Amino acid sequence: MNITGAELIKAFSAIGAGLAVIAGIGPGVGQGIAAGHGASAVGRNPGASGKIMGTMLLGQAVAETTGLYGLLVAMLLLFVQPLS
Amino acid sequence: MNQAILLSSGAENIDFMIHGLYKFQLFGQTVYITTTHVCTFIIMAFLVIFSFVVRAKMKHATEVPKGFQNVMEMMVDALDGMVESSMGRWAPKFVNYISTIFVFILLSNISGLLGLRPPTADYGVTFPLGVMTFILIHFNQFKHQSGKKIWTDMCSPLPPWLPIWLPINLISEIAVPISLSLRLFANILSGTVMMALIYGLLGKIAVIWPAALHVYFDLFSGAIQTYVFCMLTMTYITQACESDD
Chain A
1 MNITGAELIK AFSAIGAGLA VIAGIGPGVG QGIAAGHGAS AVGRNPGASG KIMGTMLLGQ
61 AVAETTGLYG LLVAMLLLFV QPLS
Chain B
85 MNQAILLSSG AENIDFMIHG LYKFQLFGQT VYITTTHVCT FIIMAFLVIF SFVVRAKMKH
145 ATEVPKGFQN VMEMMVDALD GMVESSMGRW APKFVNYIST IFVFILLSNI SGLLGLRPPT
205 ADYGVTFPLG VMTFILIHFN QFKHQSGKKI WTDMCSPLPP WLPIWLPINL ISEIAVPISL
265 SLRLFANILS GTVMMALIYG LLGKIAVIWP AALHVYFDLF SGAIQTYVFC MLTMTYITQA
325 CESDD
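Protein chains in written order, with the working numbering: chain A, 1 to 84; chain B, 85 to 329.
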């Protein structure tokens, strides 16, 4: 069984894509913390739930960015294949 | 066997790429008319026709709104309120621009529901939006702040006669449009890829339940990202406009 260089690069690109989406751990933790604090804020002041909701979603969407960078790297490795 | 059923439609059905529909030569370059252009023009045509219809209806608007006029006034009120709440006294100058990009991005994001490929899932659409925000930020900064204040801000943690921190601040300024556009692009692209994978790989059993995923990936994610893009644009512009020194 002969493995050519191009096939090897494809295989490692797939592994690299898998490793790149590990970046999703960070935003997951961050969004969870934001949601938890949002829930406790609503518990303390239920009247401001609308404003808390908006702020929480905004912060979560911004925190999501780093995870999306990992996703983009994985996409580039899988579909654009810059290394092969 | 299970795998055979699941993958029976084959991996070649997965399709979320941008396709060139028509190509022509321009100044020695091959230029493609892609699906992004077509979808953008469909959305633009919809918006233009819609605005003309609304304008025709509003010609004989009544004092007490009812029906169609009521809905339109609610939409405009909501957009005005959003801009007003985060820009304060600068709101009247920017409400038109923010409302325009809000409506355009929102329709682009949810156009995945109608079978179009969302134009915002193309970096060539979101990057110009980010660059427009960037230009607005710096135009307003130079308009409302003195050169001395801008220089002091650029060297910010250190005193202005010691510009060691300047390159770092310049990079963080340039990162603003890139991170704004990549956030929108990657969110919509991930939704598009997910739906393409589901329809491509599970074609036989993807009957009704993908509707729930459409609600999340297209409606919820699209609306949130639209809101975030406009909110960050407004925050940056307001920051650039404040000249309280």
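All residues carry an ideal CB built from backbone N, CA and C; glycine is no exception.
The structure displayed is predicted, hence computed values, not measured ones.
By the criterion of Cβ-Cβ separation under 7 Å, what are the contact partners of residue i in chain B?
| i | result |
| --- | --- |
| VAL29 of chain A | Near VAL29 of chain A there are no residues of chain B at all, since even the closest Cβ is about 18 Å away, more than 7 Å. |
| LEU71 of chain A | ALA270 and SER274 |
Would a C-beta distance cut-off of 9 Å place residue i and residue j closer than the cut-off?
| i | j | result |
| --- | --- | --- |
| THR319 of chain B | PHE186 of chain B | no |
| TYR181 of chain B | PHE269 of chain B | no |
| ALA14 of chain A | LEU78 of chain A | yes |
| THR55 of chain A | GLY26 of chain A | no |
| PRO203 of chain B | GLY306 of chain B | no |
| CYS314 of chain B | MET128 of chain B | no |
| LEU76 of chain A | LEU266 of chain B | no |
| ILE98 of chain B | GLY284 of chain B | yes |
| THR217 of chain B | LEU316 of chain B | yes |
| THR276 of chain B | PHE304 of chain B | no |
| MET279 of chain B | GLY151 of chain B | no |
Please classify residue i as buried or exposed, where buried requires at least 16 other C-beta atoms within 10 Å of its C-beta.
| i | result |
| --- | --- |
| ALA20 of chain A | buried |
| GLU157 of chain B | exposed |
| PRO261 of chain B | buried |
| ASP161 of chain B | exposed |
| ASP237 of chain B | exposed |
| CYS325 of chain B | buried |
| ALA205 of chain B | buried |
| VAL209 of chain B | buried |
| ALA61 of chain A | buried |
Give me the chain B residues within the contact set of residue i, using Cβ-Cβ distance strictly less than 9 Å, ordered along the chain.
| i | result |
| --- | --- |
| LEU76 of chain A | Ordered by position in chain B, no residue passes the 9 Å Cβ test against LEU76 of chain A, which lies about 11 Å from the chain. |
In chain A, what lies closer than 7 Å to residue i by C-beta?
| i | result |
| --- | --- |
| SER263 of chain B | THR65 |
| LEU197 of chain B | Neighbours of LEU197 of chain B on chain A: none; closest Cβ ~20 Å, over 7 Å. |
| MET315 of chain B | LEU58 |
| VAL209 of chain B | Going along chain A, no residue has its Cβ under 7 Å from VAL209 of chain B, so there is no contact; the nearest lies around 16 Å. |
Are any of the Cβ atoms in chain D nearer than 9 Å to that of residue i?
| i | result |
| --- | --- |
| ARG201 of chain B | Looking for chain D here will not work: the only protein chains present are A and B. |
Does the Cβ of residue i lie closer than 8 Å to at least one heavy atom of the ligand NAP?
| i | result |
| --- | --- |
| ILE127 of chain B | This structure lacks the ligand NAP, and indeed carries no ligand of any kind. |
Taking Cβ-Cβ distances shorter than 9 Å, what residues in chain A pair up with residue i?
| i | result |
| --- | --- |
| ILE308 of chain B | LEU57, LEU58, GLN60 and ALA61 |
| VAL299 of chain B | Chain A residues near VAL299 of chain B: none, gap ~16 Å exceeds 9 Å. |
| PRO179 of chain B | Looking at the sequence shown, residue 179 of chain B is not Pro but Val. The premise fails here: VAL179 of chain B is roughly 18 Å from chain A at the closest Cβ pair, so nothing lies under 9 Å. |
| VAL215 of chain B | Chain A residues near VAL215 of chain B: none, gap ~18 Å exceeds 9 Å. |
Can you pull the chain B neighbours of residue i, defined as C-beta to C-beta under 8 Å?
| i | result |
| --- | --- |
| LEU68 of chain A | LEU266, ARG267, ALA270, ASN271 and SER274 |
How would you list, in chain order, the residues of chain A whose beta-carbon sits under 8 Å from the beta-carbon of residue i?
| i | result |
| --- | --- |
| VAL155 of chain B | Simply none; closest approach about 21 Å. |
| VAL115 of chain B | Those do not exist, as VAL115 of chain B stays about 20 Å from chain A at its closest Cβ, beyond 8 Å. |
Once you ignore the five residues that flank residue i on each side, which residues in its own chain have a CB closer than 6 Å to its CB?
| i | result |
| --- | --- |
| THR124 of chain B | PRO203 |
Leaving out five residues before and five after residue i in sequence, what residues of the same chain have Cβ atoms less than 8 Å from its Cβ?
| i | result |
| --- | --- |
| ALA175 of chain B | ASP164, VAL167 and GLU168 |
| SER170 of chain B | MET315, MET318, THR319 and THR322 |
| PRO294 of chain B | MET279, ILE282 and TYR283 |
Using a Cβ-Cβ cutoff of less than 7 Å, which residues in the same chain neighbour residue i once the five nearest sequence positions on both sides are dropped?
| i | result |
| --- | --- |
| LEU90 of chain B | Because LEU90 of chain B carries a pLDDT of 45, less than 50, the predicted location of this residue cannot be relied on, and the following value inherits that uncertainty. Within the same chain, LEU90 of chain B has close Cβ partners LEU285 and LEU286. |
| ALA74 of chain A | ALA17, ALA20 and VAL21 |
| ALA63 of chain A | PRO27, GLY30, GLN31 and ALA34 |
| ALA88 of chain B | Note that ALA88 of chain B scores a pLDDT of 44, beneath 50, so its modelled location is shaky and nothing firm can be said. |
| PHE108 of chain B | VAL115 |
| PRO149 of chain B | GLU157 |
(request) Mind listing, in chain order, the continuous beta strand (DSSP E) runs of no fewer than 3 residues lying wholly within the segment 178–264 of chain B? (result) none
(request) Would you list, in sequence order, the uninterrupted alpha helix (DSSP H) runs of no fewer than 4 residues that lie entirely inside the segment 7–51 of chain A? (result) 25–44
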